[in-house]
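Residues are numbered in this note's numbering as their position in the sequence shown, beginning at 1, plus a constant of 415.
Ideal Cβ placement from N, Cα and C applies to all residues, glycine included.
Bear in mind that the values here come from a model prediction, so they are computed numbers and not experimental data.
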Amino acid sequence: MSSTETVPDAQAKEARFSSRHLLALVALLWTVALNPIAGLLAGNSQAEVAVHFHTTQIAWFTLGGALLGTFLTPFAMKAAAMYGKKRAMVVATAIGLLGDVIAALATDYSTLLTGRVIAGAYGATVFIAYAMARDIFPQRLVGTASGVMAASIGLVGLGGPFLSAWLIDHHGFRGALWFLAVSTTVCLLLQLLCVPESPVREAARRMDWIGGLLLGGGLSAIVYGIGEGSHWGWTSGRTLAWIGLGALAVLLFLPFEARAADPLLPLSLIKRRRVWSVFLATSVGAGATYAVGTVTMLLTLMPHIPTVSDGLGWSVTKSAVVSSPISVLVIVVAVFAGKLAGRFDTRVLLATGGLLTTAGFAVAAQLHTEIWHFVLMGLIAGPGMGLVVSVLPIMVIQSVAPEEQALANGSQWLIQSVIQVIVSQLVFTVLAQDGTVMKGTQLYLDGGFANGFLLVAGACALGALLVAAIPKARRIHTVEAGQAA
416 MSSTETVPDA QAKEARFSSR HLLALVALLW TVALNPIAGL LAGNSQAEVA
466 VHFHTTQIAW FTLGGALLGT FLTPFAMKAA AMYGKKRAMV VATAIGLLGD
516 VIAALATDYS TLLTGRVIAG AYGATVFIAY AMARDIFPQR LVGTASGVMA
566 ASIGLVGLGG PFLSAWLIDH HGFRGALWFL AVSTTVCLLL QLLCVPESPV
616 REAARRMDWI GGLLLGGGLS AIVYGIGEGS HWGWTSGRTL AWIGLGALAV
666 LLFLPFEARA ADPLLPLSLI KRRRVWSVFL ATSVGAGATY AVGTVTMLLT
716 LMPHIPTVSD GLGWSVTKSA VVSSPISVLV IVVAVFAGKL AGRFDTRVLL
766 ATGGLLTTAG FAVAAQLHTE IWHFVLMGLI AGPGMGLVVS VLPIMVIQSV
816 APEEQALANG SQWLIQSVIQ VIVSQLVFTV LAQDGTVMKG TQLYLDGGFA
866 NGFLLVAGAC ALGALLVAAI PKARRIHTVE AGQAA
């Protein structure tokens, strides 16, 4: 500090983003936004894809990426902690780009799904981006940066539907797939040019391959078994075998990690009450919040055929206009979440978000056929969604030390991804129970949509209740670098 610079001046300077920090924030924002962009474009395309390929397995078009993302996340979080977060982020994004190109070029449904599965690799970059925020931004900007990054879901929700409407209405689902490939390319370039490498490393220098296979492979097997449960039957031998073997692998992971010299995930981390309770509550709340898109997109975009399909048959453009209010509210709340976390207990913010989403989706279960019904849902659930997605990374930051950040964010993201897949697949199952198959395409009736909203509302309520298990932590602006709250 110069002799003429006062302490308040220095603090004010530290509280502002420099041009270098702004470029890094844009790159990380794009990285975080890439996953919801992919989910939104896939969700808006799924009705057309299902009809085009005459498939009843459309669930995997939107959920397939979770398979590879779940498998790679344990390795990605360890690699980020050992070799550098930027390096791990760039590699995962490059693999995802390969999947995007394969999907865009696919001429049959199997190849299309293969590409979508490979594209799931960049799902592992989300937790790395949040972990980077603590490493490359000044301490007083970490909460704001995390809130802005979390607001990406609102930005995508606001502009994404109009973009996907233009792409799908004028260029079909392939236009959406090629746009994904271009977006991933831009994301990769931004990461390479604008994001500095994190100086934070853990001491270990050896990858725990067996631990990663047990955890990533086990969770992927569970996700696959759940994904096929509605097709094979929930009590069939194949469904139970995949879920059972996956659960066994995860259980074997625990004693193996306890004896490993360089464990993939130190069990001492997740044994802390503050850590495991934050992981559980945030993962259930966020996983359920993201899963509601499965219901809303199928409801608005599937055709309306009396006695056969009770979809509203809206265009993607109309759906985008109607969903605008909820997206605006998510953005506004998420942007200010960092400041709110400095003034209020983050547990209260998370619980409030969970209760608002529960109420909004419960209302939607009864009212979901008119435009004003969706506006009402948005007015109630929008602020709740903004709170849930933006407070989540702040709570993880409050719970761990800087050197544990990548592992903590990765673990939370892993749990959230599995829960999101479980809730989404259960939604598909509930929808299909009150539906029919016509010309190889699964169609849904009104009772299924109502039950789908109720299922998501119940999951959001569970997330809100789990907040009670979280002990109090220090507020974000008082967490010292290198100190676990």
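Q: Classify G850 as helix, strand or coil using the three-state DSSP reduction.
A: Your numbering for residue 850 matches position 435 in the sequence shown. Three-state result, G850: strand.
Q. Under the three-state reduction of DSSP, which class applies to Q827: helix, strand or coil?
A. Position 412 of the sequence shown holds residue 827. Note: Q827 maps to helix in three-state DSSP.
Q: Have a look at A879, T654, Q461, V615 and flag the residue whose alpha-carbon is nearest the alpha-carbon of T761.
A: If you number the sequence shown from 1, residue 761 lands on position 346. The shortest C-alpha separation from T761 is found at A879.
Q) Which two residues bound the contiguous alpha helix (DSSP H) that contains F671? A) Taking the sequence shown and counting its residues from 1, one reaches residue 671 at position 256. Its alpha helix (DSSP H) spans residues 652 to 674.
Q. Helix, strand or coil for Q857 per DSSP?
A. What you label residue 857 is simply residue 442 of the sequence shown in a count that begins at 1. Q857: strand per DSSP, three-state reduction.
Q. Which same chain residues, not among the five before or five after T732, have their C-beta less than 6 Å away from its C-beta?
A. Reading the sequence shown from its first residue, position 317 is the one you call residue 732. Taken in chain order, the residues that qualify are A580.
(Q) Considering just the uninterrupted stretch of the alpha helix (DSSP H) at A777, what are its terminal residues? (A) Locating residue 777 in the sequence shown gives position 362, counting from the first residue. Taken as a continuous stretch (DSSP letters only), the alpha helix (DSSP H) holding A777 covers 761 to 781.
Q: Mind checking who V724 pairs with in its DSSP beta bridge?
A: Counting from 1 along the sequence shown, the entry for residue 724 is found at position 309. Strictly speaking, residue 724 in this sequence is Ser, with Val absent from that position. S724 is bridged to I720.
Q: Report all residues from its chain with a CB closer than 7 Å to the CB of T529; omit the five preceding and five following residues, and keep chain order.
A: As a first step, residue 529 is located in the sequence shown; it is residue number 114 there, counting from the start. Only I517 meet the Cβ criterion.
Q.
Please classify E395 as buried or exposed, where buried requires at least 16 neighbouring CB atoms within 10 angstroms.
A. With the chain represented from 416 up to 900, any question about residue 395 goes unanswered, as that position is not in the structure.
Q. Nearest to G825 by alpha carbon, out of I473, V871, P489?
A. Your numbering for residue 825 matches position 410 in the sequence shown. Checked all of I473, V871, P489; the closest Cα to G825 is P489.
Q: Quick one: give me the first and last residue of the alpha helix (DSSP H) that P489 is part of.
A: Numbered from its first residue, the sequence shown carries residue 489 at position 74. Its alpha helix (DSSP H) spans residues 480 to 498.
Q: Have a look at G574 and I625 and give me their C-alpha separation to the nearest angstrom.
A: Taking the first residue of the sequence shown as position 1, residue 574 is located at position 159. Taking the first residue of the sequence shown as position 1, residue 625 is located at position 210. If you take the alpha carbons of G574 and I625, they lie about 42 Å apart.
Q. Where does E643 sit, in a helix, a strand or coil, going by DSSP?
A. For the purposes of this step, residue 643 is taken as the residue at position 228 of the sequence shown. Here E643 sits in helix by DSSP.
Q) Do G562 and F868 come within 9 Å of each other at the CB atom, strictly closer than that value? A) Residue numbering aside, residue 868 sits at position 453 when the sequence shown is read from its first letter. Residue numbering aside, residue 562 sits at position 147 when the sequence shown is read from its first letter. No, these two residues do not count as a Cβ contact at 9 Å.
Q. How many angstroms separate the CA atom of I473 from the CA atom of P553?
A. Residue mapping note: residue 473 aligns to position 58 of the sequence shown, counting from 1. Residue mapping note: residue 553 aligns to position 138 of the sequence shown, counting from 1. Cα-Cα distance, rounded: 44 Å.
Q) In the structure shown, what three-state DSSP assignment does T522 receive? A) Along the sequence shown, one-based indexing puts residue 522 at 107. Coil.
Q: Below 7 Å CB to CB, which residues in the same chain sit around G484 once its five sequence neighbours on both sides are set aside?
A: Here residue 484 refers to the residue found at position 69 of the sequence shown. Excluding positions up to five away in sequence, the list reads G535, A536, G538, A539, S832.
Q: Give the DSSP-derived three-state secondary structure of H469 in the structure shown.
A: Numbered from its first residue, the sequence shown carries residue 469 at position 54. Here H469 sits in coil by DSSP.
Q | Between the CA atoms of Y498 and F789 - distance to the nearest angstrom | A | Position 374 of the sequence shown, counted from the first residue, corresponds to residue 789. Position 83 of the sequence shown, counted from the first residue, corresponds to residue 498. The alpha-carbon atoms of F789 and Y498 are separated by roughly 46 Å.
Q) Can you tell me whether Q848 is buried or exposed, with buried defined as 16 or more other CB within 10 angstroms of its CB? A) What you label residue 848 is simply residue 433 of the sequence shown in a count that begins at 1. Per the 10 Å Cβ criterion, exposed.
Q: Return the Cβ separation of F912 and Q827 in integer angstroms, given the expectation that the two are a contact with Cβ distance under 8 Å.
A: Outside the displayed range of the chain (416 to 900) lies residue 912, so it cannot be described from this structure.
Q | Straight-line Cα distance separating L881 from F486 | A | Taking the first residue of the sequence shown as position 1, residue 486 is located at position 71. Taking the first residue of the sequence shown as position 1, residue 881 is located at position 466. Answer to the nearest angstrom: the Cα atoms are 26 Å apart.
Q: Going by CA-CA distance only, name the one from A796, W787, L666, V842 that's closest to G777.
A: On the sequence shown, residue 777 is found 362 positions in, with the first residue counted as 1. Reading off the sequence, residue 777 comes out as Ala, not Gly. Selected option, being the one with the closest Cα: A796.
Q) Cβ of L771 within 9 Å of Cβ of M800? A) For the purposes of this step, residue 771 is taken as the residue at position 356 of the sequence shown. For the purposes of this step, residue 800 is taken as the residue at position 385 of the sequence shown. Taking 9 Å as the Cβ cut-off, L771 and M800 qualify as a contacting pair.
Q) Which residues in the same chain have their Cβ closer than 8 Å to the Cβ of A656, if we skip the five residues on either side of it in sequence? A) Working through the sequence shown from its first residue, we reach residue 656 at position 241. Cβ neighbours of A656 beyond the five flanking positions: G640.
Q: Assuming G850 and Y859 form a contact by the criterion Cβ under 8 Å, report the distance between their Cβ atoms to the nearest whole angstrom.
A: Against the sequence shown, residue 850 aligns to sequence position 435. Against the sequence shown, residue 859 aligns to sequence position 444. Indeed, because the Cβ distance is near 4 Å, the residues count as touching under 8 Å.
Q) So does A774 have its beta carbon nearer than 8 Å to some heavy atom of the ligand GDP? A) Questions concerning the ligand GDP fall outside what the structure shown contains, since it holds no ligand whatsoever.
(Q) So D584 and K493 are supposed to be a Cβ contact under 8 Å. How far apart are they, rounded? (A) The residue you call residue 584 lines up with position 169 of the sequence shown. The residue you call residue 493 lines up with position 78 of the sequence shown. D584 to K493, Cβ: 43 Å. No contact.
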